[in-house]
Amino acid sequence: MTQYSPLRIFFKTVVARAYPRVIATWRQVAWIFFDMAFPIVGSLAMVLVYQGLHAPRQYLGFVVMGGAMLAFWQNVLWSMATQFSWDRGNGTLELYTIAPTTFEAVLLGMAVGSMITTTIRAGVILVAGSLLFGISYASGGALAAIGVFLLTLAALYCLGMLLASLFLFYGREAWHLATALQEPVNFLSGLYFPVRALGSYVAGGASLVPMTLGLDAMRQLLLPGTPVFIPVGLETTIVAIQVPLYAVLAGVALRFLETRARSEGKLVTRWE
152 MTQYSPLRIF
162 FKTVVARAYP
172 RVIATWRQVA
182 WIFFDMAFPI
192 VGSLAMVLVY
202 QGLHAPRQYL
212 GFVVMGGAML
222 AFWQNVLWSM
232 ATQFSWDRGN
242 GTLELYTIAP
252 TTFEAVLLGM
262 AVGSMITTTI
272 RAGVILVAGS
282 LLFGISYASG
292 GALAAIGVFL
302 LTLAALYCLG
312 MLLASLFLFY
322 GREAWHLATA
332 LQEPVNFLSG
342 LYFPVRALGS
352 YVAGGASLVP
362 MTLGLDAMRQ
372 LLLPGTPVFI
382 PVGLETTIVA
392 IQVPLYAVLA
402 GVALRFLETR
412 ARSEGKLVTR
422 WE
């Protein structure tokens, strides 16, 4: 038998799990349309509220950028955090356990596979909202904002891996946990308003979700006049620390899940 290195197996697993989602997406083009149309409606509604209140122009940019980032949080929540719980229901989780690969590779492949439609959705919200309402951005901070964006995505997906193992422990309650996390995180992350408005204590607690500080840093870089919660450099540093922190915690949780499943045979039963 041909022996492959662990690194090659990891990347082959990512490609293998990403491929079905990419193909499935383009087989149902209508899904792409609705994935883009519905979030735009929600974001534009908030923009109209700010316009009616005669809020500063940068507030319109807050809403558009927040709507774009919301697409990535939903991808993390529904394509990673709840994935193992769904896989247990359809019988594929057992196959992941005995396969010569890692849970991290499986989750990352699923996330990458859905990243195409997520990026399209976020891009359409950003471009359409900016053009419709004449929102301009500071070009000088574009490169730095892209760097912060990539760091934020890395931290978000590491958090998604951690949540995947935690959600699985709760069995059928995973769906309710995901639903319960959606709206509170949307609020605490300051998707449609400056993070500073939450106050020091609430915003500090909300910073556990990487999107909170990452989005605030991007706004400060691209939208002059954004109320400052903490300086951009400090926000970027905290998000950068969250990447290895959540990655290590996810690895510990997934190894515990794998060990217990193999030793006790409780993979398809609720954890007690």
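Using my numbering, read the sequence shown as starting at 152 and increasing by one per residue. All C-beta atoms, glycine included, are put in the ideal place defined by N, C-alpha and C. On a predicted model such as this, the values are computed, not experimentally measured, just so you know.
Please identify the residue among C309, A315, Y210 and G341 whose C-alpha is closest to the C-alpha of F284. The sequence position of residue 284 within the sequence shown is 133, counting from 1. It is Y210 whose Cα lies nearest to the Cα of F284.
Q225 to T268, Cα distance in whole Å? Start at 1 with the first residue of the sequence shown, and residue 225 comes out as number 74. Start at 1 with the first residue of the sequence shown, and residue 268 comes out as number 117. Computed Cα separation, rounded: 12 Å.
Contact check, V299 vs T363, beta carbons under 7 Å: As a position in the sequence shown, residue 299 is number 148, starting the count at 1. As a position in the sequence shown, residue 363 is number 212, starting the count at 1. The answer is no: Cβ separation not under 7 Å.
Roughly how many angstroms separate the alpha carbons of S351 and A250, rounded to a whole number? Indexing the sequence shown from 1 puts residue 351 at position 200. Indexing the sequence shown from 1 puts residue 250 at position 99. Their Cα atoms are separated by approximately 46 Å.
For F344, the three-state DSSP class (helix, strand or coil): Residue numbering aside, residue 344 sits at position 193 when the sequence shown is read from its first letter. DSSP places F344 in coil when its eight states are reduced to three.
Would you decide whether L294 is buried or exposed? Buried here means 16 or more other CB atoms lie within 10 Å of its CB. Here the question's residue 294 lines up with position 143 in the sequence shown. So L294 counts as exposed.
Report, in whole angstroms, the separation of the C-beta atoms of A169 and G264, which I expect to be a contact under 8 Å. Working through the sequence shown from its first residue, we reach residue 169 at position 18. Working through the sequence shown from its first residue, we reach residue 264 at position 113. Going by Cβ atoms, the distance from A169 to G264 rounds to 4 Å, so yes, they are a contact pair.
Of the residues L258, L244 and G203, the one placed nearest F161, counting alpha carbons only: Within the sequence shown, the letter at position 10 stands for residue 161. Minimum Cα distance to F161 is reached at L258.
Kindly indicate which residue of V399, L244 and A391 has the alpha-carbon position closest to the one of L301. Along the sequence shown, one-based indexing puts residue 301 at 150. When each option's Cα is compared against that of L301, the closest is A391.
Taking the continuous alpha helix (DSSP H) assigned at M261, which residues delimit it? Indexing the sequence shown from 1 puts residue 261 at position 110. Its alpha helix (DSSP H) spans residues F254 to F284.
Are the CB atoms of F235 and A315 nearer to each other than 7 Å? For this step, residue 235 is matched to residue 84 along the sequence shown. For this step, residue 315 is matched to residue 164 along the sequence shown. Against a cut-off of 7 Å, the Cβ pair of A315 and F235 comes out as a contact.
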